[in-house]
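J.: One structure, as structure tokens, below. Some questions next.
Protein chains: 2
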Amino acid sequence: MPGVPGQEELVVGEATEQRVRIADVAREAGVSKAAVSFAFNQPDRLSAGTAARIRDVADRMGYRPHPVARMLSAGQTSTIGILSPQALGAVFANPFFALFAEGVASVTEERGFGLLFISPFHGSLATALDRATVDGVVAIGLDERHPELDALRRGGLPTVVVDAPAWPGHRAILVDDEGGAREAASHLLGLGHREVLVLAVQPAIDESGDQGVSGRRLAGYRAAFEAAGLSLPGSAVVDAPATIEGGESAFLQAWTSGARPSAVMCMSDAAAAGVLAGARRLGVRVPEELSIVGFDDLPLTRFTDPPLTTVHQPVRRKGEAAARMLLEALRRPSGDDQDHTLVLETRLMVRRSTAAPSGDRCQEVVVAR
Amino acid sequence: MPGVPGQEELVVGEATEQRVRIADVAREAGVSKAAVSFAFNQPDRLSAGTAARIRDVADRMGYRPHPVARMLSAGQTSTIGILSPQALGAVFANPFFALFAEGVASVTEERGFGLLFISPFHGSLATALDRATVDGVVAIGLDERHPELDALRRGGLPTVVVDAPAWPGHRAILVDDEGGAREAASHLLGLGHREVLVLAVQPAIDESGDQGVSGRRLAGYRAAFEAAGLSLPGSAVVDAPATIEGGESAFLQAWTSGARPSAVMCMSDAAAAGVLAGARRLGVRVPEELSIVGFDDLPLTRFTDPPLTTVHQPVRRKGEAAARMLLEALRRPSGDDQDHTLVLETRLMVRRSTAAPSGDRCQEVVVAR
DNA sequence: ATCGGTGGCTAAACCGGTTTACGAACGGTA
DNA sequence: TACCGTTCGTAAACCGGTTTAGCCACCGAT
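Going line by line, the protein sequences match chains E and Z.
Quick note on numbering: numbering that gives the first Met the number 0 labels position 270 of the first sequence as 269, and the sequence is numbered without any gaps.
Quick note on numbering: numbering that gives the first Met the number 0 labels position 191 of the second sequence as 190, and the sequence is numbered without any gaps.
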């Protein structure tokens, strides 16, 4: 009864239960391997009686087709990967990412695809990809100038890149970072703010034009200032990791260095929450003495005190769209030669962390400039 | 140069680039498939020159061993699964889960294992497991009475269960839910609270003794009350999803139904944050008019206003321990027959969401009882 | 009685690697 | 020169399924 005959006493105390293979079922049922396979996958090719009998035997023996073997002959894994250049620990700690993954997962799950997380293996994304059994990947957080980017492109795996321009022949999803940032800055300018601090997300790439999320958002802030006949000095831009702790410490450091902005524009909600915490610690009242604007509109913004004014981007929907795009690309591998790019909208959500600067401060600032 | 000869013109406009197989490399290099395999995996079995030449050819052709094929012959996938009975959307939305996954991921990543998320397929966990190419699974959130539990056990996949008793022959990780809950309740009782509201996590299983997280925590609350010569009426226990929204609405509903607890004990921090939000909306001051205790001690508790008093459990470490246990079980499949169970500690973190009830209220309550 | 068609099943090829068993060439020793 | 032990490489089996090509028996039609 238990396991494969002839192997039972191989090792005493060892798990006697070997995995039941298709050949075992075939032998037990007195048919060929093909018949067993047909019984499950193409019952029409067998007489009803035989099919039922085979299924019965298989059931009794506890047979389950080996998923890896099935993958190999099927030529596909029915699994997609989420590729991130960061370590997984950092990935899951990031609520933005969790929300994005939520979107991806809801689609893959519905279509019966597995979801595998891919992060650098021994520091190499290319190696990690080589080991990953996926039909395609959604790449997020991948900087345009990532050193292994070429290797990835050459890998030939169907890919949807998120928050970065499409590679030739691949697909991409972007949001209107610049427009959202412009709206945020305009909002503050309209309230009368002139002296602001910008908390950029970690790799604050300014140099090479459009490159990167940070660059696009900064361009948006700048555009609003220029439209108002003002300019945003480079000294007003500070880097901060997109975490609560990162935002708090960057803000505190700027403050202790003597900066006295009337408003802070953050490129992430997490950092904005950190600024909020820092302001509370300093006894600076929000929004009376300090206005704060975030970016992303994560669920947590509605539960900060005060609720955070922020630039909304459809993060979850971005994940869904990425997954759908990828599955679509898998269905018709040829695709057109033109690269498909989807740009989602952003919009400012005015809540209660922003207000007009207090009178004297406003005055002071105007004089200072 | 490009792809497999004889297939180039199969479909015009189709991707001409076929995947390079080991046989292609072998042919190109004028050696056998085995030699190519050796060149990568056991270079010692080849002369240095040959090995180098083969690697060179392979490199030039862009050869990458097919991971699925490798899995099949290796007999292992080097991937582990995180199994959850909930839909993935709900999973990632839960910060508790993200933290747990962070722990699991940090270990698997370090050991070079992939991480696959497994959730019900068409409603069936067993089916999802059958399709999952993993060497073992970490099961979390699995209720002892889950209908498919037997199927999972019978599946024969090495498993570590989290927050549930060990199955015979499997391993388990628990935390001292009851002790933590008892501490929380004692803390409130010591402050003078008598009229409390309990927000249980969704499946509030009370009936069958020890079963489930909810049951164990409730038992802890109860034990503290009994130790004080009091009792916790069933009417004081309400179900709430472990989300901010869930906590808020459950609290508001209880309040509008006339309940006037001086303290709320929540079985999750998310729910506690929701209660906090609800109290703010009602204009009830925390902790002066209402004390709140959470459970889990997620990072967010330090950034609520006021910071949340809560029962700490080492969630991240729980994930790490689960992963390590599983990898250990994979290394020595036989194991002892005794089931290994690891119980981690919990402890109360007193922050600022709890205080003695205001005098009159306290009076009123005492009279009321 | 012969032929053509079809239903039911099987043998063998295949997916793309890894690994085992073995053979040929080579160098050193008796 | 015959013998032996390495070194280097190959053919073939194997992992566990799916799928194609084809065999055989049985049926009705001519």
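C-beta atoms are modelled at their ideal positions from N, C-alpha and C, and glycine is treated no differently.
1) Does the Cβ of Thr255 (chain E) have 16 or more other Cβ atoms within 10 Å, making it buried, or fewer, making it exposed?
2) Ala57 (chain E) to Ile21 (chain E), Cα distance in whole Å?
3) Do Thr314 (chain Z) and Asp295 (chain Z) have their CB atoms nearer than 8 Å?
4) Using the three-state DSSP reduction, which class does Val349 (chain E) fall into: helix, strand or coil?
5) How many whole angstroms separate the CB atoms of Met324 (chain Z) and Val67 (chain Z), which I take to be in contact at a CB cut-off of 8 Å?
6) How many whole angstroms separate the CB atoms of Ser261 (chain Z) and Thr353 (chain Z), which I take to be in contact at a CB cut-off of 8 Å?
7) I need the straight-line Cα distance from Glu194 (chain E) to Arg259 (chain E), nearest angstrom please.
8) Spell out the partners DSSP gives Ala239 (chain Z) in its beta bridges.
9) Please classify Gly179 (chain Z): is it buried, with 16 or more other beta-carbons within 10 angstroms of its beta-carbon, or exposed?
10) Whose C-beta lies closer than 8 Å to the C-beta of Pro305 (chain Z) among residues of the same chain, with five residues either side of it excluded?
11) Considering just the uninterrupted stretch of the beta strand (DSSP E) at Arg170 (chain E), what are its terminal residues?
12) Please confirm if Leu71 (chain Z) has its CB atom under 8 Å from at least one CB of chain E.
13) Which partner residues does Ala262 (chain Z) have in the DSSP bridge list?
14) Do Ala239 (chain Z) and Gly233 (chain Z) have their C-beta atoms within less than 8 Å of each other?
15) Would you mind telling me which residues of chain Z sit closer than 7 Å to Val67 (chain E), beta carbon to beta carbon, in chain order?
16) Pull the bridge partners of Val161 (chain Z) from the DSSP assignment, please.
17) When you compare the CB of Arg350 (chain Z) with every CB in chain E, is at least one pair closer than 8 Å?
18) Assuming Val200 (chain Z) and Ser267 (chain Z) form a contact by the criterion Cβ under 8 Å, report the distance between their Cβ atoms to the nearest whole angstrom.
19) Would DSSP call Gly246 (chain Z) helix, strand or coil?
20) Express the C-alpha separation of Arg130 (chain E) and Ala165 (chain E) in angstroms, rounding to a whole number.
21) So, helix, strand or coil for Leu231 (chain Z), using DSSP?
22) Would you kindly work out how many angstroms separate the C-alpha atoms of Ser207 (chain E) and Glu182 (chain Z), rounded to a whole number?
23) For the 8 Å Cβ check, are there 3 or more pairs between the segment 126 to 141 of chain Z and the segment 79 to 87 of chain Z?
24) For the putative contact between Arg187 (chain E) and Val292 (chain E), defined by C-beta atoms under 8 Å, what is the C-beta separation to the nearest angstrom?
25) Answer yes if the segment 82 to 99 of chain Z comes into contact with the segment 87 to 94 of chain E, meaning at least three C-beta pairs across the two stretches below 8 Å, and no otherwise.
26) If you run the structure through DSSP and keep just helix, strand and coil, what is Ala257 (chain Z)?
27) How about Gln85 (chain E) and Gly140 (chain E): do their beta carbons lie closer than 8 Å?
28) Return the CA-CA distance between Asp205 (chain Z) and Arg330 (chain Z), expressed in angstroms with no decimal places.
29) Taking all protein chains shown into account, do 16 or more other C-beta atoms lie within 10 angstroms of the C-beta of Ser105 (chain Z), making it buried, or fewer, making it exposed?
30) State the DSSP-derived secondary structure class of His65 (chain Z), mapped to helix, strand or coil.
31) Buried or exposed: Ala269 (chain Z), going by 16 or more other Cβ atoms within 10 Å of its Cβ?
32) On the DSSP bridge list, what partners appear for Ile81 (chain Z)?
33) Looking at the secondary structure, which residues open and close the beta strand (DSSP E) in which Val310 (chain E) lies?
34) Compare the C-beta of Arg153 (chain E) against all C-beta atoms of chain Z and say whether one is closer than 8 Å.
35) Would DSSP call Glu363 (chain E) helix, strand or coil?
36) Go ahead and pull the three-state DSSP assignment for Val56 (chain Z).
T.: So, from the data block:
1) With fewer than 16 Cβ atoms within 10 Å of its Cβ, Thr255 (chain E) is classed as exposed.
2) Rounded to the nearest angstrom, the gap between the Cα atoms of Ala57 (chain E) and Ile21 (chain E) is 9 Å.
3) The sequence shown places Val at residue 314 (chain Z), not Thr. Going by C-beta atoms, Val314 (chain Z) is nearer than 8 Å to Asp295 (chain Z).
4) Val349 (chain E): coil per DSSP, three-state reduction.
5) That pair is no contact at about 27 Å.
6) 10 Å between Cβ atoms; not a contact.
7) Separation of Glu194 (chain E) and Arg259 (chain E) (C-alpha to C-alpha, rounded to the nearest whole angstrom) is 8 Å.
8) When beta bridges are read from the DSSP output, Ala239 (chain Z) appears opposite Z:Val200.
9) Counting Cβ neighbours within 10 Å, Gly179 (chain Z) comes out buried, since at least 16 surround it.
10) Shown here for Pro305 (chain Z): same chain residues with a beta carbon closer than 8 Å to its own, the five before and five after excluded, namely Val285, Pro286, Arg350, Arg351, Ser352 in chain order.
11) Bounds of the beta strand (DSSP E) holding Arg170 (chain E) are 170 to 174.
12) True, the Cβ-Cβ gap to chain E drops below 8 Å.
13) Paired residues: Z:Val195, Z:Ser290.
14) With contacts defined by Cβ atoms closer than 8 Å, Ala239 (chain Z) and Gly233 (chain Z) do not form a contacting pair.
15) The answer, in chain order, is Val67, Met70, Leu71, Thr76, Thr132.
16) Beta-bridge partners of Val161 (chain Z) (DSSP): Z:Ile139, Z:Ile172.
17) At a cut-off of 8 Å between beta carbons, Arg350 (chain Z) makes no contact with chain E.
18) Rounded, the Cβ-Cβ distance is 6 Å, consistent with contact.
19) Helix.
20) Going by the C-alpha atoms only, they are around 24 Å apart.
21) In the structure shown, Leu231 (chain Z) adopts coil according to DSSP, grouped into three states.
22) Note that Ser207 (chain E) has pLDDT 48, beneath the 50 cutoff, so the model's placement of it is unreliable and the number below is only indicative. Each residue's alpha carbon lies about 56 Å from the other.
23) The answer is yes - the segment 79 to 87 of chain Z touches the segment 126 to 141 of chain Z, with three or more Cβ pairs under 8 Å.
24) According to the sequence displayed, residue 187 (chain E) carries Leu and not Arg. Cβ atoms of Leu187 (chain E) and Val292 (chain E) come within 8 Å of each other, at about 7 Å.
25) These segments touch.
26) Going by the sequence as given, residue 257 (chain Z) is Gly instead of Ala. In this structure, Gly257 (chain Z) counts as coil in the three-state DSSP scheme.
27) The answer is yes: Cβ separation under 8 Å.
28) Because Asp205 (chain Z) carries a pLDDT of 43, less than 50, the predicted location of this residue cannot be relied on, and no value is offered for it.
29) Burial call: buried.
30) Reduced to three states, the DSSP call for His65 (chain Z) is coil.
31) By the C-beta density criterion, Ala269 (chain Z) is buried, having at least 16 other C-beta atoms within 10 angstroms.
32) Per DSSP, the beta-bridge partners of Ile81 (chain Z) are Z:Phe116, Z:Val137.
33) That run of the beta strand (DSSP E) goes 308 to 311.
34) True, the Cβ-Cβ gap to chain Z drops below 8 Å.
35) Residue placement at Glu363 (chain E) is flagged as unreliable, the pLDDT there being 41, under the threshold of 50; the coordinate-derived value follows with that caveat. It is helical.
36) In the structure shown, Val56 (chain Z) adopts helical secondary structure according to DSSP, grouped into three states.
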